[in-house]
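Reading through the structure tokens given below for one structure.
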Amino acid sequence: MTARILDGNGIAAALRATLREQVLVRTAAGARPPGLAVILVGNDPASEIYVRHKRTDCEEVGFHSEVQHLSANVSQEDLEQRILSLNDDPAIDGILVQLPLPDHLDAARIIDRIDPAKDVDGVHPFNIGRLALRRPTLRSCTPKGVMQLLEHTGVPLRGLDATVIGASNHVGRPMGLELLLAGCTVTTAHKFSRDTRAAVIGADIVVSAVGRPGLVPGDWIKPGAIVIDVGITRSERGKLSGDVRFEEAVQRAAWITPVPGGVGPMTRVAMLQNTLQAADARLATGAGRP
Ligand code: NAD
């Protein structure tokens, strides 16, 4: 068997075209375009690239976007104050703090400050709690993007055995909650798991989100499984690798994501979808009028 490739670039481009249409309908009806504010602290090169992508994505779909690029020395109080101001800004529907933050900042406390209705990264405790209670509102971007890839396969998910490798707050944990919500039997493996292989070999769906190239060899993959590789590691030469040994796994899986070009573009489009969703929700309360 050779797996079918889940082309995140192509699927995300189609979703962006839909978003662009939705924004045109919205503005034609007299509403302002959705607005996203991104806060970038310091000069981490990878974070700068991610923020640039967010800006170009917003331009493509017709959103208003603004970036606050702050010094690496910004204080906790100053950063929290900026978030509180954005919470009150009527032109802003989504607030995103680019992570990681410098060590002197308490990222959890900063995320807590974001108005949950503007938390378009879907990482505020309120939004994770809603997902846990089967009432999702703004959903974490990477798991939301992965669920749309799974939907693209056309495979009914209810009852399938799904294993998530990795248990971080913004990827692994909400990923497990999404799969549970879809009716899967979910196993989560993490760095303290004694036998990650045993958790993977029987799984119909494998989502790996660790950041360790080659962690998942092809012979762990159940024939016919769906394999989603969230991991991205950049080598010293700049080559990007996933967690899954693609050349081996592609021989056994039914569907598989490439790295790059699989989950990454879906994470980006999920953030845009969340921003439009937040904007529409605010419009319904009268807050989105020009
Ligand atoms: P993280 O470091 O916060 O979490 C990694 C997780 O992996 C932890 O829960 C840890 O317990 C687990 N882990 C470590 N070693 C393990 C092992 N041997 N077996 C099983 N589990 C193990 O990382 P993160 O922020 O969740 O990101 C994970 C990966 O996904 C990274 O490569 C990151 O770059 C990538 N990522 C990609 C996207 C995307 O859009 N494609 C988005 C977010 C993160």
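Sequential numbering from 2 applies to the sequence shown in this note's numbering.
We treat Cβ as the ideally placed atom computed from N, Cα and C, and that holds for glycine.
Computed from a predicted structure; not experimentally measured.
query	result
Can you have a look at Met2 and say buried or exposed, based on whether 16 or more other CB atoms are within 10 angstroms of its CB?	exposed
Out of Leu180, Gly130 and Ala271, point me to the one whose CA is closest to Leu161's CA.	Leu180
Among Phe64, Thr286 and Lys223, which residue has its Cα nearest to the Cα of Arg17?	Phe64
Measuring only the C-alpha atoms, how far is Ala320 from Ile202?	With the chain covering only 2 through 291, there is no way to say anything about residue 320.
With DSSP collapsed to three states, give me the class of Leu41.	strand
Assuming the contact rule is C-beta atoms closer than 8 Å, Trp273 and Leu20 should be a hit. Round their C-beta distance to whole Å, please.	Sequence inspection shows Leu at residue 273; the Trp mentioned does not correspond to that position. With 8 Å as the limit, Leu273 and Leu20 qualify as a contact, their Cβ atoms being about 6 Å apart.
Determine whether the beta carbon atoms of Leu7 and Trp221 lie at a separation below 7 Å.	no
Return helix, strand or coil for Asp162, following the three-state DSSP convention.	strand
Find the nearest neighbour of Leu41 within the set Thr197, Pro101 and Gln252, judged by alpha-carbon distance.	Pro101
DSSP puts Ile257 in a beta bridge; with which residues?	Ile6 and Val228
Please confirm whether any heavy atom of the ligand NAD lies closer than 6 Å to the CB of Ser48.	no
Going by DSSP, name the residue or residues bridged to Glu67.	Ala38
I need the straight-line Cα distance from Leu71 to Val98, nearest angstrom please.	11 Å
Quick one: what's Gly95 bridged to in DSSP?	Leu37
Compare the beta carbon distance of Ala163 and Ile206 with 7 Å and say whether it is the shorter of the two.	yes
Taking the Cβ atom as the reference point for each residue, do Val208 and Met176 lie within a distance shorter than 7 Å?	yes
Where Ala73 and Ala250 are concerned, what is the direct C-alpha to C-alpha distance, given to the nearest angstrom?	41 Å
Should Val172 be counted as a contact of the ligand NAP given a C-beta to heavy atom distance under 6 Å?	The ligand NAP is absent from the structure shown, which contains only the ligand NAD.
Return yes when at least one heavy atom of the ligand NAD lies under 6 Å from the C-beta of Ala190, else no.	yes
I'd like the span of the beta strand (DSSP E) that includes Ser209, first residue to last.	Ile206 to Ser209
Please classify Val24: does DSSP put it in a helix, a strand, or coil?	helix
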